[in-house]
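All the letters of the sequence shown, read from the start, carry residue numbers 138 to 497 under our numbering. C-beta atoms are modelled at their ideal positions from N, C-alpha and C, and glycine is treated no differently. Keep in mind the model is a prediction, meaning the values are calculated, not measured.
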Amino acid sequence: MSDLATLETSILDQIAAAGDEAALEAVRVAALGKKGSISALLATLGKMSPEERKTQGAAINLAKDKVTQALAVRRDVLKSAALDARLASETVDVTLPLRDAPAEAGRIHPLSQVWDELTTIFADMGFSVAEGPDIETDDYNFTKLNFPEGHPAREMHDTFFFHPKQDGSRMLLRTHTSPVQVRTMLSQKPPIRVICPGRTYRIDSDATHTPQFHQVEGLVIDKSSHLGHLKWILHEFCKAFFEVDHINMRFRPSFFPFTEPSLEVDIQCRRDKGEIRFGEGEDWLEILGCGMVHPNVLRACGIDPDEYQGFAWGMGIDRIAMLKYGIADLRQLFDSDVRWLSHYGFKPLEVPTLAGGLST
């Protein structure tokens with residue numbers, strides 16, 4: 138009996154010392170498991186006389202009941218302590234402001250926004266969007282666009298060329314989106330009204346130039362198009378894009394291999410305290426180039442220049458994005474800085490519309 142009392146005291150002390158439910162379970166198995174110490178004592182009752190079984194059995198079962206009860210009490214204590222610890226570690230301050238929803242926290246890049254804006258404007262005028270590959274042939278990028286042999290743009294210092302093929306020809310990264318105009322004229326019959334936005338590549342890098350940038354070009358081919366139509370389209374585009382009621386434009390003679398006559402376009406602006414305001418002031422800012430499609434280009438694309446004529450224009454998407462939204466350095470557009478994007482970016486649900494406003 139003294140051995141049973143000693144065993145009972147030892148087991149109760151172990152139960153009280155158990156620091157978690159795993160340790161408590163180990164004590165239970167050691168005492169009441171199939172091969173536990175108390176279970177072993179109960180197994181000896183069958184070998185005892187009826188008198189011994191009566192007294193020893195009652196004592197052993199009493200010890201078993203005490204151990205079982207102690208286990209239950211300690212388990213409740215440990216569960217309560219674990220719950221308190223979890224609640225303390227997962228405390229939520231309900232006075233904190235709500236986190237922004239994903240649609241509020243995310244931002245559309247200014248280039249993507251401007252891409253959508255100009256697409257919306259030209260789509261309203263009846264233009265479709267044409268696309269082409271970034272890797273082009275010399276024929277589509279230069280020859281069919283009336284670039285003569287030896288033109289500086291066809292040199293390694295200006296254009297990214299790939300290694301020559303076995304026949305000596307070289308593929309290149311397109312230097313403008315004009316090859317998309319060539320592909321359109323080769324695949325469609327006039328009348329043609331398309332814009333060609335996309336990535337372009339040139340070997341140049343500073344605050345206003347990057348090796349990879351974006352352009353949008355427009356092309357109209359039919360039997361009666363003329364410079365008056367071109368001027369109206371560009372005037373309406375600038376008013377809609379810069380969101381002003383009126384804007385003066387100035388057309389200056391220039392030269393491009395693929396247009397004749399060729400024009401540079403300036404728009405009215407006012408520079409004040411580091412800002413540029415469009416549609417007011419007495420300053421001028423060059424924004425794009427344009428002109429009537431050169432007859433050689435039409436002829437190279439299988440269009441009879443005696444029957445059809447057309448006009449084209451091109452501008453930098455990055456440049457007009459900087460002008461409209463006050464971005465000082467072109468390189469910031471490609472830094473992938475989330476802080477910069479949170480300042481200059483647009484909410485995903487702010488879809489540009491002419492009725493609701495391009496940029497709200």
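Two segments are said to touch when three or more pairs of C-beta atoms, one from each, lie closer than 8 Å; by this definition the region 349–361 touches the region 299–317. For Tyr277, the number of other beta carbons within 10 angstroms of its own is at least 16, and it is reported as buried. Contact annotation, Pro328 with Ile370: C-beta distance approximately 14 Å; criterion of less than 8 Å not satisfied. By the 16-neighbour rule on beta-carbons within 10 angstroms, Glu273 is buried. For Gln193, there is no enclosing beta strand (DSSP E); the residue is found in the alpha helix (DSSP H) stretching over Pro187 to Ser226. Going by C-alpha positions, Ile197 is about 37 Å away from Ala222. With a 10 Å radius around the Cβ and a threshold of 16 neighbouring Cβ atoms, Ser226 comes out exposed. Per DSSP, the beta-bridge partners of Phe393 are Thr396. An exposed status is given to Gly494, since fewer than 16 other beta-carbon atoms sit within 10 Å of its beta-carbon. Around the CB of His431, 16 or more other CB atoms lie within 10 Å, so the residue is classed as buried. Under the three-state reduction of DSSP, Pro432 is assigned to helix.
Using a Cβ distance threshold of 8 Å, Ala449 and Gln318 count as a contacting pair. Separation of the CB atoms of Leu141 and Val204 is rounded to 11 Å, and the pair is thereby denied contact status at 8 Å. The secondary-structure analysis by DSSP pairs Trp421 across a beta bridge with Gln405.
The straight-line gap separating the alpha-carbon atoms of Asp295 and Met322 is approximately 26 Å. Judged by beta-carbon spacing, Leu470 lies within the 8 Å limit of Asp455, meaning their Cβ atoms are closer than that value.
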